[in-house]
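Worksheet: the structure to be examined is printed underneath.
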Amino acid sequence: MKKTIKAAVAGAATGVLALTGCSASGSSDSGEKISVNAFSVMEAANKPVFDDFKKTDEGDGVEFGTSYGASGDQSRGVVAGAPADVVHYSLETDVTRLVGEGLVAEDWKDNATKGIATSSVVVFVVRKGNPDDISTWDDIVEPGVDIITPNPGSSGSARWNILAGWAHVTGNGGSEDEAREYITKLLNNTIALPGSGREATTAFTDGSGDVLLSYENEAILAKQSGADIDYVIPPDTLLIENPAAVTKDASSAAKAFLEFMTGPEAQADYAQSGFRPVVDGVTVGEVEGANDPSDPFPTPEKLFTLDTDFGGWGEAADKFFGDGEDGNPLGIITELQQTTGQVGEE
């Protein structure tokens, strides 16, 4: 059965569970090579997209060099000189860091998707059969529930996860003080804060924890790869939007690839890896690993967004995740991590 779905706001693998490192492919006969620098969970999802781009006129003879890791680490690596023609990160702030360094043009969001290449939602990954009957945000902060989530200091997915919990409180009429209390409970239940979303998934599938806070696509990919897990989309959750851009000195082929990424063919490929399309009218077949393969991306009862509920990353980044440098105050989550002793791994 095939299904044509709307963009994420409306309706929305060998070794993939191993720790992610860097890899590179050789140059083509024509010498055209596109260096893609991306956050860790894109590694498996990009492979079919690369293959389909190579079948186009713009991709004929092109090869890809790739580097994957925690989103913030990847962005900082590009600042330090790592090769990158196309960057694809978990957070907008990891792209704007490159804008500030003069590596990405200021108008990078001036396109049909406002710079977004992939999207997902925050979910709970649970043990097969959901033995702890976890279904809501309140369930995961009950005493005795062991949580795994990546470290907000290095991982973009961790920031989405934590803000989804915050929105559960404030988006349902709670105060910021009540949200602080909730996040404190969540952190106190957390037994591991791995450096990236992929490392967190590996820790959970290796047997640690009762629940993993994760991307929906990461849960689907884990199931596709044979992991003995289930996942739950909570009644209220946060829309995850992952940006992509080209660097200023990128080739015409790299620019064509960025445009291809948000076209219907690539978005259908990404959907097969569990990502919700960011453009309308993408035809998606059944998605293996989804809770309902024929209806893989159900609309949550309440879907929060960064722009509507947090004022965008430009406001949320410092408010919640500021590091206290240069005389600036600590962000709320940074402070709570220090107060609870949950500073995590980097």
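Counting with the numbering used here, you get residues 526 to 871 for the letters of the sequence shown. In this text, a Cβ means the ideal position worked out from N, Cα and C, and glycines have one as well.
Residue environment, residue i, which counts as buried when at least 16 other CB atoms sit within 10 Å
i	result
Asp774	exposed
Trp838	buried
Leu623	buried
Lys844	exposed
Asp632	exposed
Thr661	exposed
Asn714	buried
Val666	buried
Val736	buried
Cys547	In this prediction, Cys547 scores a pLDDT of 39, lower than 50, which makes its location untrustworthy; the coordinate-derived value is nonetheless stated afterwards. Answer is exposed; the Cβ neighbour count stays below 16.
Asp619	buried
Gln863	exposed
Thr772	buried
Gly806	exposed
Asn697	exposed
Gly627	exposed
Gly849	exposed
Nearest-angstrom Cα separation, counted from residue j out to residue i
i	j	result
Ser798	Val611	20 Å
Ser645	Phe822	9 Å
Glu703	Val694	7 Å
Ala917	Arg684	Beyond the ends of the chain as shown, which are 526 and 871, falls residue 917; an answer cannot be given.
Asp671	Glu706	18 Å
Ala791	Ala563	16 Å
Leu783	Pro668	46 Å
Asp554	Glu588	In this predicted model, Asp554 has a pLDDT of only 43, less than 50, meaning its place in the structure is not dependable; the value taken from the coordinates is given anyway. The straight-line gap from Cα to Cα measures roughly 9 Å.
Lys748	Arg723	14 Å
Tyr593	Ile673	21 Å
Ser776	Tyr795	23 Å
Pro573	Ala770	19 Å
Ile708	Gly586	50 Å
Ala717	Asp851	29 Å
Val803	Ser700	32 Å
Ala841	Phe835	6 Å
Phe785	Ala793	11 Å
Thr787	Asn655	35 Å
First through last residue of the alpha helix (DSSP H) which encompasses residue i
i	result
Val574	567-579
Lys844	838-846
Asp761	From DSSP, Asp761 is part of no alpha helix (DSSP H) but of the beta strand (DSSP E) over 761-771.
Asp832	831-835
Val694	681-695
Ile758	From DSSP, Ile758 is part of no alpha helix (DSSP H); its letter is neither H nor E.
Ala796	789-797
Gln862	857-865
Ala815	Taken as a continuous stretch (DSSP letters only), Ala815 belongs to no alpha helix (DSSP H), as it is neither H nor E.
Ala781	777-786
Enclosing beta strand (DSSP E) for residue i [first to last residue]
i	result
Asn562	558-564
Gly594	588-594
Thr808	807-809
Ser739	736-740
### Task
Kindly provide the ranges of any alpha helix (DSSP H) runs that are 4 or more residues long and lie completely inside the segment 699-727, ordered along the chain.
Counting only unbroken stretches of 4 or more residues, the alpha helix (DSSP H) elements lying wholly within the segment 699-727 are 701-713, in sequence order.
### Task
List in chain order: all unbroken alpha helix (DSSP H) runs of 4+ residues lying wholly within the segment 604-663.
617-625
### Task
Could you say if the segment 594-610 and the segment 668-681 meet the contact criterion of at least three C-beta pairs nearer than 8 Å?
yes
### Task
Evaluate the contact criterion for the segment 628-640 versus the segment 650-663: three or more CB pairs, one atom per stretch, below 8 Å.
Contact between the segment 628-640 and the segment 650-663 is absent, because fewer than three Cβ pairs lie under 8 Å.
### Message
Would the segment 749-763 count as touching the segment 822-835 if we require 3 or more Cβ pairs under 8 Å?
### Response
yes
### Message
Whether or not the segment 747-756 and the segment 576-584 are in contact is what I'm after, with contact meaning three or more pairs of Cβ atoms, one per stretch, closer than 8 Å; do they touch?
### Response
no
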